[in-house]
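Report on the structure given below.
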Amino acid sequence: MIKDLTVSTFLEELSSKKPTPGGGGAAALGGAQGVALGEMVINLTLGKKKYADVEEEMQLLLVRLEEIRAEFLRLADEDARVFAPLAAAYGLPSGTEEEKKHKEEVLETHLLAASLVPKTVMEQAVEAIKIMDILAHKGSRLAVSDVGVGVSFLRTALLGAKMNVSINTKFMKQRETAQQLDQEASVLAETGRKLSDEIYANVEAALK
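Position one of the sequence shown corresponds to residue 11 (the working numbering), numbered consecutively onward.
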């Protein structure tokens, strides 16, 4: 499991020619890092008299970010799990019409699964970005730069995952399903990108 690897081991695996981990796992792990920075900001906010009025809200957000971080780590492993049968499916024989039909059906199943995982990464990233927006306004001013770093990781996770949706839907035969997934991914990307850019700009302004 990716969460059990050391940082150096993960990077060695990522840099190799092995099919996994790849961009999908890296995107999910980037999201986990962004969320962890958000958790740090909250932990630096809790218990401070200056932020007593947001104490309860911060505690609730901390619980949610912990859940999202765990989900990102799960998705990093899930991305590798769903890619393995997809890679194998490309090697199925297609010499006869029956074999060709079977291969297309198997590919379609695994392409869909490989599209849904990064779309879920995108959904988690957008939710986390919305929380980072709250932290940018209500979290400890001493850690506002960490909000900017965290949202940058989440933006990368979001847009990186979109690439993984697109590379799989591109080859799907069920074009209606593929187009629906692409549309949903585009909406998530636009929503998250716009908000993350606003947050980053606000953090930059706060640091001047």
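Glycine is no exception: its CB is placed at the ideal position from the N, C-alpha and C atoms.
Computed from a predicted structure; not experimentally measured.
C-alpha distance - residue i paired with residue j, whole-angstrom precision
i           : j           : result
residue 209 : residue 115 : 43 Å
residue 161 : residue 26  : 28 Å
residue 184 : residue 203 : 28 Å
residue 91  : residue 81  : 15 Å
residue 154 : residue 218 : 12 Å
residue 78  : residue 56  : 19 Å
residue 102 : residue 113 : 6 Å
residue 43  : residue 214 : 20 Å
residue 111 : residue 73  : 47 Å
residue 128 : residue 166 : 12 Å
residue 66  : residue 212 : 24 Å
residue 20  : residue 34  : 13 Å
residue 148 : residue 84  : 29 Å
residue 63  : residue 152 : 17 Å
Closest by C-alpha distance to residue i, when choosing among the options
i           : options         : result
residue 39  : 89, 144, 147    : 89
residue 193 : 203, 179, 206   : 179
residue 135 : 16, 54, 205, 98 : 205
residue 141 : 52, 19, 24      : 52
Neighbour-count burial assignment, residue i, 16 or more Cβ in a 10 Å radius
i           : result
residue 120 : buried
residue 49  : buried
residue 105 : exposed
residue 14  : exposed
residue 18  : exposed
residue 125 : buried
Start-to-end residues for the alpha helix (DSSP H) that takes in residue i
i           : result
residue 193 : 185-216
residue 148 : 107-148
residue 173 : 154-179
residue 84  : 65-99
residue 56  : Premise fails: residue 56 is in no alpha helix (DSSP H) and is neither H nor E.
Supposed contact pair residue j and residue i - C-beta distance, whole angstroms, cut 8 Å
i           : j           : result
residue 45  : residue 138 : 5 Å
residue 175 : residue 191 : 6 Å
residue 132 : residue 198 : 4 Å
residue 97  : residue 29  : 5 Å
residue 171 : residue 86  : Not confirmed; about 11 Å, so no contact.
residue 144 : residue 71  : 7 Å
residue 99  : residue 117 : 5 Å
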